[in-house]
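I have placed the structure first, in the form of structure tokens, so that the comments after it can refer back to it.
Protein chains: 2
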Amino acid sequence: MGVTMKDIARMIGVSESTVSRAINNKPGVGAKTKKKILRLVEKYNYQPNQLAQNLAKQESNMIGLLLPDISSLFYSEAARAIQDIAAKEGYQVIVCNTDGDEDREKNYIDWLQANKIAGIIFLGYGLANNKIINLGLSNYPIVLANRLVEEVMIPSVVIDNATGAFGATIHLLEKGHKRIALINGPQDNLQSQNRLQGYKQALNNYNIDYNPKLVIHKDWSRESGYEGFLELLDSDEVPTAIFAANDLIAVGVIEAIKMGGYMIPHDIAVVGFEDTIVTSVIEPALTTVSQPMYELGANSVRKLFSLINKEEVEEKIEILASKLIVRKST
Amino acid sequence: MGVTMKDIARMIGVSESTVSRAINNKPGVGAKTKKKILRLVEKYNYQPNQLAQNLAKQESNMIGLLLPDISSLFYSEAARAIQDIAAKEGYQVIVCNTDGDEDREKNYIDWLQANKIAGIIFLGYGLANNKIINLGLSNYPIVLANRLVEEVMIPSVVIDNATGAFGATIHLLEKGHKRIALINGPQDNLQSQNRLQGYKQALNNYNIDYNPKLVIHKDWSRESGYEGFLELLDSDEVPTAIFAANDLIAVGVIEAIKMGGYMIPHDIAVVGFEDTIVTSVIEPALTTVSQPMYELGANSVRKLFSLINKEEVEEKIEILASKLIVRKST
DNA sequence: TTGTACGCGTTATCAA
DNA sequence: TTGATAACGCGTACAA
Chain S
20 MGVTMKDIAR
30 MIGVSESTVS
40 RAINNKPGVG
50 AKTKKKILRL
60 VEKYNYQPNQ
70 LAQNLAKQES
80 NMIGLLLPDI
90 SSLFYSEAAR
100 AIQDIAAKEG
110 YQVIVCNTDG
120 DEDREKNYID
130 WLQANKIAGI
140 IFLGYGLANN
150 KIINLGLSNY
160 PIVLANRLVE
170 EVMIPSVVID
180 NATGAFGATI
190 HLLEKGHKRI
200 ALINGPQDNL
210 QSQNRLQGYK
220 QALNNYNIDY
230 NPKLVIHKDW
240 SRESGYEGFL
250 ELLDSDEVPT
260 AIFAANDLIA
270 VGVIEAIKMG
280 GYMIPHDIAV
290 VGFEDTIVTS
300 VIEPALTTVS
310 QPMYELGANS
320 VRKLFSLINK
330 EEVEEKIEIL
340 ASKLIVRKST
Chain X
20 MGVTMKDIAR
30 MIGVSESTVS
40 RAINNKPGVG
50 AKTKKKILRL
60 VEKYNYQPNQ
70 LAQNLAKQES
80 NMIGLLLPDI
90 SSLFYSEAAR
100 AIQDIAAKEG
110 YQVIVCNTDG
120 DEDREKNYID
130 WLQANKIAGI
140 IFLGYGLANN
150 KIINLGLSNY
160 PIVLANRLVE
170 EVMIPSVVID
180 NATGAFGATI
190 HLLEKGHKRI
200 ALINGPQDNL
210 QSQNRLQGYK
220 QALNNYNIDY
230 NPKLVIHKDW
240 SRESGYEGFL
250 ELLDSDEVPT
260 AIFAANDLIA
270 VGVIEAIKMG
280 GYMIPHDIAV
290 VGFEDTIVTS
300 VIEPALTTVS
310 QPMYELGANS
320 VRKLFSLINK
330 EEVEEKIEIL
340 ASKLIVRKST
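Line by line, the protein sequences are chains S and X.
Residue numbers for the first sequence, in the numbering used here: 20 to 349.
Residue numbers for the second sequence, in the numbering used here: 20 to 349.
Here it is as structure tokens:
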């Protein structure tokens, strides 16, 4: 196949070590020999075999990215950021879709470690499991993106969901709403909990009692929004505003509201969460909370490189602010 | 760090080759020794160092995926398919974003080859460049997904854009439209050309003369749709139907149409292309042509594994059908 | 059935 | 400034 160091060494009649030194710009090579070597490198388009390099150095120039699903717009943007910055550092990214399944997560981790991957980013939601904690205890470079772990101090970058939800709810309160419903994600999900917390806190600031009947836990789907709204209609406390815990839920809510013949925002106001493309396409355009996904990915991978390079990670847990984007639905 | 074969060999007092044979289930190991070895493997959670394995075998268990942008919904779905199937075969995928830039493409290819990546999938649009052709001439496993190359027979999977566009245009013709505009992607783009070709052919089937004034070439953005429609309004031939070459363009078109006070589909009908999520969210829901992206990715990677395993690739160039999805905008 | 010896392509440690 | 040699961890042809 391609030429190796040995080939070049033989051609000139020097040793492989000399060739290695010349190529890697290390001191201790005569100017003339170095020139000769580099000329042949050019001529035969020598490409170092990274597998061999990696084996010798006991490390590789790849990082692993574990996330639920790359085909979700939400994650793919962060993935893009990670790949951009990794590429600048000469690293490539191995993307592993876990669908949130712990078994697959574990398998991927084994694979990545067996391949001596330089480090791993966990991008996802909710709490991380024990396996990750154990990884964190061994001194393997790990960064958590939008995930948290309780017991161990693993460098993390998270988006402040509570404050985002707080801002969205305050926005509705300022508009004069008093019966604000929350259609949320699963109850055991960390994001759901944070968004609920922000919601509660906002109500509290306005001295409005928290009413559990106005909070519905479902999954993150469009159907949840649709069904959730119908449930609220059936209750005795029909809300004047709905805070949907993500845009997809909001889309379902809007569909149900329209189906019921109500006007948005006149009869019922709606706020979403995430700022995906649908928010600007749907009628009326959806007020939502934007998540800095690119920044999330970028800052995570920067932290990871700090770890890989044995540098100090300044901000162990970094919290990114989300931002309210007001459109026509409120 | 982890235990190696050498460690296990020493513990029992056998040679490394015996351990290797036992672990890889190769014949020629006594049942008792094998059991002893496997017990230690279990006990110390031995993980083979893949870097070493790869170096010894001169190949790696990774494949490369070159695409324009992973954060595009269009590509990320195919990427997901590729990763799913690769994972089943024990391979991982390295995702490389090129943004269509040939220099970056070339750099990635070098990197992938230096790392002895088992094969590469080129996912994208348009024609591939010479570098790729050269790669194809060397017997490196390569598959093209939604790309074509003229001179060399590289296994490829493409989506039949021409027929998709043909069907979409026929659909409009059947609805009685005679002045159908096409707002297309860039003129030098292969997909654009195919979609134009299908459009022309449909007109031809209905004995309608092709009118270049009704065809506008722009980029694939929402703004293109908006501006494109305004240009058509200014012309002397205002169309009764618009075929937008992708959904994003269609969104812009619909916005412009609404802004102009026209009714969809009463005054003007609209068809999109791709079937992204916006089609079901926008009002009115958009008739569009769905692209089997998951299948595109899946079949591409299957072909790649055939190449990697030195098997015969049955269908050198596979063409996937796209499908018209009729909604409310026509 | 088992062990020896070498190769994979590179880096790194000593001597020379 | 150089070169010989070992090491990285594993696979494998050959010999025992």
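In this text, a Cβ means the ideal position worked out from N, Cα and C, and glycines have one as well.
Owing to the predicted nature of the structure, the values given are computational and were not obtained by experimental measurement.
Identity of the residue in A340(X), A317(X), E330(X) and V332(X) nearest Q102(X) by Cα
Residue mapping note: residue 102(X) aligns to position 83 of the second sequence, counting from 1. Nearest of A340(X), A317(X), E330(X) and V332(X) to Q102(X), Cα basis: A317(X).
Return the CA-CA distance between V289(S) and A105(S), expressed in angstroms with no decimal places.
Along the first sequence, one-based indexing puts residue 289(S) at 270. Along the first sequence, one-based indexing puts residue 105(S) at 86. Approximately 38 Å between the Cα atoms of the pair.
Does DSSP put T306(X) in a helix, a strand or coil?
As a first step, residue 306(X) is located in the second sequence; it is residue number 287 there, counting from the start. Residue state, collapsed to three classes: strand.
Between the CA atoms of F185(X) and K219(X) - distance to the nearest angstrom
The residue given as residue 219(X) occupies position 200 in the second sequence. The residue given as residue 185(X) occupies position 166 in the second sequence. Cα to Cα, the separation comes out at about 8 Å.
From the DSSP output, in three-state form, read off G183(S) for me.
As a first step, residue 183(S) must be located in the first sequence, where it is residue number 164. The answer is helix: DSSP assigns G183(S) an H, G or I state.
Could you tell me which chain X residues have their CB closer than 9 Å to the CB of K55(S), listed as they occur along the chain?
Walking along the first sequence from the start, residue 55(S) turns up at place 36. Those do not exist, as K55(S) stays about 23 Å from chain X at its closest Cβ, beyond 9 Å.
For A263(X): DSSP bridge partner residues
Here residue 263(X) refers to the residue found at position 244 when the second sequence is read from its first residue. For A263(X), which the question treats as bridged, DSSP gives the partners I202(X).
Take I261(X) as the anchor and find which of E314(X), S299(X), K197(X) and E293(X) has the nearest alpha-carbon.
Counting from one through the second sequence, the residue named residue 261(X) turns up at place 242. Answer by Cα proximity: K197(X).
Rounding to the nearest angstrom, what Cα-Cα distance links E78(X) and C115(S) in this structure?
Along the second sequence, read from residue 1 onward, the residue named residue 78(X) stands at position 59. Along the first sequence, read from residue 1 onward, the residue named residue 115(S) stands at position 96. Taking the straight line from one Cα to the other gives about 21 Å.
Rounded to the nearest angstrom, what separates S95(S) and G143(S) at their Cα positions?
Walking along the first sequence from the start, residue 95(S) turns up at place 76. Walking along the first sequence from the start, residue 143(S) turns up at place 124. So the two alpha carbons sit approximately 11 Å from each other.
To be precise: take each residue of the segment 52 to 77 of chain X, compare its Cβ to all Cβ atoms of chain S, and keep it if any distance is under 7 Å. Which residues remain?
Q66, P67, N68, Q69, L70, A71, N73 and L74
Under the assumption that G138(X) contacts L323(X) (Cβ atoms under 8 Å), give the Cβ distance between them as a whole number of angstroms.
Working through the second sequence from its first residue, we reach residue 138(X) at position 119. Working through the second sequence from its first residue, we reach residue 323(X) at position 304. That pair is a contact at about 5 Å.
Of the listed residues P231(S), L57(S), V176(S) and I276(S), nearest to Y313(S) (C-alpha basis)
To locate residue 313(S), count along the first sequence from 1; it is residue 294. With distances taken between Cα atoms, Y313(S) lies closest to V176(S).
With a threshold of 6 Å on Cβ separation, who are the neighbours of A181(S) within its own chain once the five nearest residues in sequence on each side are excluded?
As a first step, residue 181(S) must be located in the first sequence, where it is residue number 162. Only N213, Q216 and G217 meet the Cβ criterion.
Closer than 9 Å, Cβ to any Cβ of chain X: which residues of the segment 98 to 117 of chain S, in chain order?
A98, R99, A100, Q102, D103, A106, G109, Q111, V112, I113, V114, C115 and N116
Is any beta-carbon of chain X found at less than 8 Å from that of A133(S)?
Working through the first sequence from its first residue, we reach residue 133(S) at position 114. So yes, A133(S) belongs to the interface.
Nearest neighbour of A221(S), chosen from S243(S), K237(S), N208(S) and E193(S) [CA to CA]
Here residue 221(S) refers to the residue found at position 202 of the first sequence. Out of S243(S), K237(S), N208(S) and E193(S), E193(S) has the C-alpha closest to the C-alpha of A221(S).
Exposed or buried, which one is S34(S) when buried takes at least 16 other CB atoms within 10 Å?
As a working mapping, residue 34(S) is identified with position 15 in the first sequence. Burial call: exposed.
From N165(S), L249(S), G280(S) and V38(S), pick the residue whose C-alpha is nearest to that of P87(S); which is it?
Walking along the first sequence from the start, residue 87(S) turns up at place 68. Comparing Cα-Cα distances from P87(S) to each of N165(S), L249(S), G280(S) and V38(S), the minimum goes to N165(S).
Find the residues of chain S that neighbour E10(X), judging by a C-beta separation of less than 7 Å, and give them in chain order.
This structure cannot settle anything about residue 10(X), because the visible part of chain X is limited to 20 through 349.
3 or more residues per run - each beta strand (DSSP E) lying fully within the segment 227 to 263 of chain X:
234 to 236 and 260 to 263
Look at the Cβ atom of I276(X), then the Cβ atom of I268(X), and state whether they are nearer than 8 Å.
The residue you call residue 276(X) lines up with position 257 of the second sequence. The residue you call residue 268(X) lines up with position 249 of the second sequence. Contact: no.
Of the residues that make up the segment 295 to 314 of chain S, which ones have a beta carbon closer than 7 Å to any beta carbon in chain X?
I296, V297, V300, I301 and E302
Would you please state the rounded distance, in angstroms, between the beta carbons of V112(X) and L85(X)? I believe it to be under 8 Å.
Position 93 of the second sequence, counting from 1, holds the residue named residue 112(X). Position 66 of the second sequence, counting from 1, holds the residue named residue 85(X). With 8 Å as the limit, V112(X) and L85(X) do not qualify as a contact, their Cβ atoms being about 11 Å apart.
Kindly list, in the order they appear in chain S, the residues whose Cβ is closer than 7 Å to that of V270(X).
What you label residue 270(X) is simply residue 251 of the second sequence in a count that begins at 1. Residues of chain S passing the Cβ test: V300.
Contact list for the segment 225 to 251 of chain X against chain S, Cβ threshold 7 Å:
none
On the DSSP bridge list, what partners appear for M312(S)?
Translated into the one-based positions of the first sequence, residue 312(S) becomes position 293. Per DSSP, none; premise fails for M312(S).
What residue range is occupied by the uninterrupted alpha helix (DSSP H) comprising G280(X)?
The count along the second sequence starts at 1 and reaches residue 280(X) at position 261. That residue, G280(X), is in no alpha helix (DSSP H); it is neither H nor E in DSSP.
Can you confirm whether S348(S), when its beta carbon is compared against all beta carbons of chain X, has any partner nearer than 8 Å?
Taking the first sequence and counting its residues from 1, one reaches residue 348(S) at position 329. S348(S) does not count as touching chain X.
Return no unless some Cβ of chain S is closer than 8 Å to the Cβ of D129(X).
Taking the second sequence and counting its residues from 1, one reaches residue 129(X) at position 110. It does; some Cβ of chain S falls within 8 Å.
For S79(S), would you say it is in contact with chain X, using Cβ-to-Cβ distances shorter than 8 Å as the test?
One-based indexing of the first sequence puts residue 79(S) at position 60. Chain X contact via Cβ: present.
Less than 8 Å between the beta carbons of I235(X) and N203(X), yes or no?
Taking the second sequence and counting its residues from 1, the one referred to as residue 235(X) is at position 216. Taking the second sequence and counting its residues from 1, the one referred to as residue 203(X) is at position 184. Taking 8 Å as the Cβ cut-off, I235(X) and N203(X) qualify as a contacting pair.
Residues in the same chain with beta-carbon distance under 6 Å from K135(X), minus the five sequence neighbours each way, listed in chain order, please.
By one-based count along the second sequence, residue 135(X) stands at place 116. Cβ within range, chain order: E78 and S79.
Where N116(S) sits in the DSSP three-state scheme:
Here residue 116(S) is taken as the residue at index 97 of the first sequence, counted from 1. Here N116(S) sits in strand by DSSP.
Roughly how many whole angstroms lie between the Cα atoms of L191(S) and L201(S)?
Here residue 191(S) is taken as the residue at index 172 of the first sequence, counted from 1. Here residue 201(S) is taken as the residue at index 182 of the first sequence, counted from 1. Near 12 Å, if we compare the C-alpha coordinates of L201(S) and L191(S).
Own chain, CB closer than 8 Å to A50(X), minus 5 neighbours either side, in chain order:
Within the second sequence, residue 50(X) is the residue found at index 31, counting from 1. If we look at A50(X) and ignore the five residues flanking it on each side, it has no Cβ neighbours.
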